[in-house]
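For the sequence shown, the positions run -24 to -1, 1 to 396 when mature numbering (1 follows the signal peptide of the UniProt record, and there is no 0) is used. Yeah, the Cβ is synthetic: ideal placement off N, Cα and C, and Gly gets one too. Predicted model only: the values in this text are computed from it and were never measured. Data first, discussion second: the structure below is written as structure tokens.
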Amino acid sequence: MVRSPHKLNMILILTWLQCRHLNGSRDTQFQNFTNLTFPKVFNYEDPVTVLLNLTNSNYTCDEKFLGVTIGISELKHTEATIDLSSPKVQIMAQALSPTFVRLGGTLANFLIFDPNGTEQVAGLGSQPQDIIASSLNLKTFNLTGERWLNFTAFFKLVGWDLIFNFNQFLRKADQWDPTNAALLLKFSQTNKVNISGFQIGNEPSAYEHDYNVTIPPAALYNEFITLRNILNGLPRYWASKLFGPDVTRFYNGSKSTIYLQEFLKAGACDAMDYITFHHYYMNSDVATLDHFISIEVLDSLKECLGIAKDIMLESSCSLPLALSETSSFSGGGAPELSDRYVAGFMWLDKLGLSAQYGLARVFRQTFFAANYALISSKIEPNPDFYLTVLFKRLVQGPVLTVLKQPDLIRVYANCASTVL
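Here you go:
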């Protein structure tokens, strides 16, 4: 149970129950109890009673429901923000295992894999050419084979399954040029690097706003087909999953809503393994303490998830949904807020809602670096790190439906892991 440290306008309760399966049907059945009563919750004078549906469950959280991200910007630096060889970092990372890690983000579209490069920031004339970056006078950067192997060795050591984000701005005749992607894949296969999944680009629904560039949903669909054909020819990666389109937050009339609709209309449901999108409540520039415990702000996630579910239903697509990048506030998080106790309200509420809406994966931005990181720059766990570890250790299995709860109290219920 988490209480607001500021003023009591919300109480959040996350419960996990040891569920006893009564039969092996798809609609898992549980012991016949339906009420949870909390004798006195803070300033509520009467006992608080919550009604749960314990007769069946529509959704399940598996052991990799909750994942993490690392910004691909970390590959740009000669030295990582945090020393990956540090035993303390490795122990904290292992505490989150088993999990997926998404290595991606904005700078994915500016990364050039050069196995024998000098790891210097490359400008125009670098090989290969990044057409869009060149036209915008933006700089690409080189990722060396040595640095790639150092990062992937860390993931293997701590038990993380990698999802990698390819550069979509490498184009030829207005089509994605997969040459550099194929180079990285062949190098990785030779060096026995495990990669569980792939993405192309980052937030394509925002390209027009951010870069004055448009890559249509149908084009992205064709690019994933190209990538799948390449993967099919590589024994180590033929079974790797495709995650996309990685659009920004959904709201009524948003470009991301239209982008996903057209992406699915183009045929993506038959090509992808996960349909992905991002979510932040708002920009960190305007974030205040009150926003972290505002019901109105928290409920914006309900709108986002509801739209995502509706699009999938309207498109007759049953693929799993994944929040492939999410945290409190965009732009690195709110200074001295996103890394504090109060951020736990948003994080637990997001995990509870995501499970309730049937999402298959939630990727926390980010493991390290920026204000919303799970680990501080001093290699100390932030409050959300502990919440993340507790969720991964305690919650696994069927998601229970909360049928009734008082106003200002947010309750989420899940079955507990059988291995505690």
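Residue j beta carbon less than 8 Å from that of residue i
i: Asp360; j: Leu350; result: yes
i: Pro180; j: Tyr235; result: yes
i: Tyr388; j: Gln332; result: yes
i: Ala392; j: Leu72; result: no
i: Thr364; j: Lys326; result: no
i: Phe130; j: Leu60; result: yes
i: Phe117; j: Leu160; result: no
i: Ala84; j: Asn143; result: yes
i: Asp38; j: Gln372; result: yes
i: Gly47; j: Gly81; result: yes
i: Leu27; j: Lys380; result: yes
i: Tyr362; j: Ser304; result: no
i: Gly177; j: Leu218; result: no
i: Leu376; j: Asn358; result: no
Residue from the options with nearest C-alpha to residue i
i: Ala244; options: Arg123, Ala194, Val44 and Asn156; result: Ala194
i: Cys170; options: Asn143, Trp214 and Ile191; result: Per the sequence shown, residue 170 should be read as Asn rather than Cys. Taking only the C-alpha atoms, the option nearest Asn170 is Trp214.
i: Leu324; options: Ser172, Leu277 and Pro357; result: Leu277
i: Gly43; options: Cys37, Arg78, Met68 and Lys64; result: Arg78
i: Ala336; options: Ala310, Asn85, Pro374 and Leu207; result: Pro374
i: Lys354; options: Ala182, Ile58, Leu27 and Gly209; result: Ile58
i: Gly229; options: Gly209, Ile287 and Met68; result: Ile287
i: Glu238; options: Leu27, Phe339 and Tyr197; result: Tyr197
i: Ser62; options: Gly282, Arg147, Cys(-6) and Leu133; result: Leu133
i: Gly220; options: Gly47, Ala247, Lys231 and Pro211; result: Ala247
i: Leu281; options: Ile191, Pro23 and Phe226; result: Phe226
i: Leu51; options: Val24, Asn141 and Thr36; result: Asn141
i: Val338; options: Thr45, Arg212, Glu279 and Val273; result: Thr45
i: Ile139; options: His267, Phe268, Tyr348 and Tyr250; result: Tyr250
i: Lys40; options: Thr120, Thr(-10), Gly135 and Thr128; result: Gly135
i: Val24; options: Arg386, Pro382, Val395 and Arg147; result: Pro382
i: Tyr348; options: Thr(-10), Arg386, Val378 and Gly307; result: Gly307
i: Thr128; options: Phe163, Thr377, Leu376 and Thr394; result: Phe163
i: Tyr187; options: Asn208, Ile385 and Phe145; result: Phe145
i: residue 407; options: Glu356, Gly334 and Phe321; result: The requested residue 407 is not part of the displayed model; the chain covers only -24 to 396.
i: His185; options: Ser232, Pro211, Arg212 and Asp150; result: Ser232
i: Arg147; options: Ile191, Cys(-6) and Pro311; result: Ile191
i: Pro311; options: Pro74, Phe268 and Thr120; result: Phe268
i: Thr(-10); options: Val378, Thr120 and Asn156; result: Val378
Rounded distance between the beta-carbons of residue j and residue i, thought under 8 Å
i: Leu299; j: Phe253; result: 7 Å
i: Ala346; j: Gly309; result: 6 Å
i: Ala284; j: Thr224; result: Actually they do not touch by this definition, with Cβ atoms about 12 Å apart.
i: Asp153; j: Phe76; result: Not quite, the Cβ-Cβ distance comes to about 27 Å (not below 8 Å), so this is no contact.
i: Gln151; j: Asp222; result: Actually they are not in contact, since the Cβ atoms of Gln151 and Asp222 sit about 19 Å apart, beyond 8 Å.
i: Gly328; j: Tyr35; result: That belief does not hold up - the Cβ atoms of Gly328 and Tyr35 are roughly 12 Å apart, past 8 Å.
i: Leu203; j: Leu265; result: Actually they do not touch by this definition, with Cβ atoms about 43 Å apart.
i: Ile206; j: Ala158; result: 6 Å
Per DSSP, the bridge partner or partners of residue i
i: Arg340; result: Val44 and Thr302
i: Val371; result: Ala392
i: Lys148; result: Gln151
i: Phe76; result: Asp137
i: Pro296; result: Answer by DSSP bridge pairing: none, since Pro296 is not bridged.
i: Met258; result: Phe305
i: Cys37; result: Gly373
i: Phe200; result: Answer is none; Phe200 lacks a bridge partner.
i: Phe142; result: Ile176
i: Thr190; result: For Thr190, which the question treats as bridged, DSSP gives no partner whatsoever.
i: Phe253; result: Val223 and Leu299
i: Lys217; result: Gly173
i: Ile234; result: In the DSSP output, where bridge partners are listed per residue, Ile234 has none listed.
i: Leu(-8); result: Cys391
i: Pro91; result: DSSP output for Pro91 lists no bridge partner at all.
i: Ile351; result: Phe344 and Pro357
Cutoff 8 Å: residue i Cβ touching any chain D Cβ
i: Leu350; result: Absent here is chain D; the protein component of the structure consists of one chain.
Under 8 Å, with one C-beta from each stretch per pair, do the stretch 284 to 293 and the stretch 259 to 267 reach the 3-pair mark? no
Take every Cβ of the stretch 312 to 322, pair it with every Cβ of the stretch 21 to 31, and state whether three or more of those distances are shorter than 8 Å. no
Does the contact criterion of 3 or more C-beta pairs under 8 Å hold for the stretch 116 to 130 versus the stretch 149 to 169? yes
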